[in-house]
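Undergrad: Here it is, the structure in full.
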Amino acid sequence: GSSGKMLAQIVNGAPYDVFMSADQAKPEKLEHDGLAVKGTRFTYALGTLALWTADSGSSAEAILRNDQYQHIAIANPRLAPYGVAAEQVLEHLDLTGSSQPRRVMGENITQTWQFIASGNAEIGFVALSQVMKDGSITSGNAWIIPPEYYQPVKQDAVLLKRAVQNDAATAWLAYLQSENAAVILQRYGYGNFPVTP
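Count along the sequence shown from 1, then add 32; that gives the number in our numbering.
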């Protein structure tokens with residue numbers, strides 16, 4: 033996925049100061065490998081999963097529950113945390129078997145959204161942040177998946193070693209942990225998050 037590509041760039045010397053990942057594992061790896069400043073890693077957001085259809089006249093939830101689809105898009109669970117969450121939702125709803133032959137796998141959550149937006153899949157699991165702006169769904173119809181249906185998609189940020197003396201990078205990370213940032217993140221589809229290093 034995209035976080036994995038960014039991680040590879042950082043490992044290969046890309047000049048980034050802060051890494052904001054779609055998961056926890058990659059920032060933790062950078063910290064473990066000595067490429068990030070220990071003690072600066074924290075969860076900046078909880079990714080919220082949504083089932084989305086580009087057709088605003090349809091209910092994404094009804095399409096899924098009533099088995100009215102030929103293709104369902106999910107991010108590859110081996111590459112993307114949202115794919116893992118999507119599989120957990122399908123299992124929770126006892127739809128793993130019936131959905132399996134109709135799945136269209138995206139390499140990442142962006143490609144998954146593109147499958148749905150282009151009509152290659154009638155419905156699919158996306159990050160709510162892809163279809164929400166200022167607290168409203170931007171297009172189509174989305175069912176915001178109840179958080180008890182899947183493990184939280186915790187997204188971590190970390191200060192990279194090269195930026196240890198960079199005041200702007202440090203200030204950015206401090207801002208991400210503020211109430212102001214939390215309000216903005218929520219308006220754009222992210223869940224509440226614990227502010228703990």
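Where a beta carbon is used, it is the ideal one built from N, C-alpha and C, also for glycine.
Please give the ranges of any alpha helix (DSSP H) in the region 62 to 117, keeping only runs that are unbroken, at least 4 residues long and fully inside the region.
TA: Listed in chain order, they are 92 to 97.
Undergrad: Give me the Cα-Cα distance between V136 and Q197, rounded to the nearest whole angstrom.
TA: Distance between the alpha carbons of V136 and Q197: 45 angstroms.
Undergrad: Among E63, A77 and V50, which has the Cα closest to the Cα of I216?
TA: Comparing Cα positions, the closest option is A77.
Undergrad: Suppose contacts are defined by Cβ-Cβ distances below 8 angstroms. Is P178 in contact with G223 by that definition?
TA: No, they are not a contact pair.
Undergrad: In the structure shown, what three-state DSSP assignment does L191 receive?
TA: Strand.
Undergrad: Taking just the CA atoms, how far does L160 sit from L81?
TA: Spanning the two alpha carbons is a distance of roughly 6 angstroms.
Undergrad: I believe G172 touches T85 by the beta-carbon criterion, under 8 angstroms. Please report the beta-carbon distance rounded to the nearest angstrom.
TA: Indeed, because the Cβ distance is near 5 angstroms, the residues count as touching under 8 angstroms.
Undergrad: Residues bridged to A159 by DSSP?
TA: L81.
Undergrad: Going by DSSP in three states, G151 sits in which element: helix, strand or coil?
TA: Here G151 sits in coil by DSSP.
Undergrad: Work out the CA separation of D55 and E93 for me, nearest whole Å.
TA: C-alpha separation (whole angstroms): 26 angstroms.
Undergrad: In whole angstroms, what is the alpha-carbon distance linking L39 and A174?
TA: The alpha-carbon atoms of L39 and A174 are separated by roughly 30 angstroms.
Undergrad: What do you get for E211, buried or exposed, if any count of 16 or more other CB atoms within 10 angstroms of its CB means buried?
TA: So E211 ends up on the exposed side.
Undergrad: Measuring alpha carbon to alpha carbon, tell me which residue in S35, P47, F51 and S34 is nearest W204.
TA: Residue F51 is the option with its Cα nearest to W204.
Undergrad: Give a yes or no on contact between the region 109 to 123 and the region 136 to 150, applying the rule of three or more CB pairs nearer than 8 angstroms.
TA: Yes, the region 109 to 123 is in contact with the region 136 to 150.
Undergrad: Counting pairs of Cβ atoms below 8 angstroms between the region 188 to 197 and the region 90 to 109, do you hit three or more?
TA: At 8 angstroms Cβ cutoff, the stretches do not touch.
Undergrad: Suppose you measure from the CA of I169 to the CA of I176; what does that come to, to the nearest Å?
TA: Roughly 10 angstroms between the two C-alpha positions.
Undergrad: When the Cα atoms are used, what is the spatial distance from Y181 to I106?
TA: When rounded, the distance between both Cα atoms is 16 angstroms.
Undergrad: Exposed or buried, T128, counting other C-beta atoms within 10 Å across all chains shown (16 or more means buried)?
TA: The residue in question, T128, is exposed, as its Cβ has fewer than 16 Cβ neighbours within 10 Å.
Undergrad: Quick one, are the C-beta atoms of S34 and T144 less than 8 angstroms apart?
TA: In this structure, T144 does not lie closer than 8 angstroms to S34 by Cβ.
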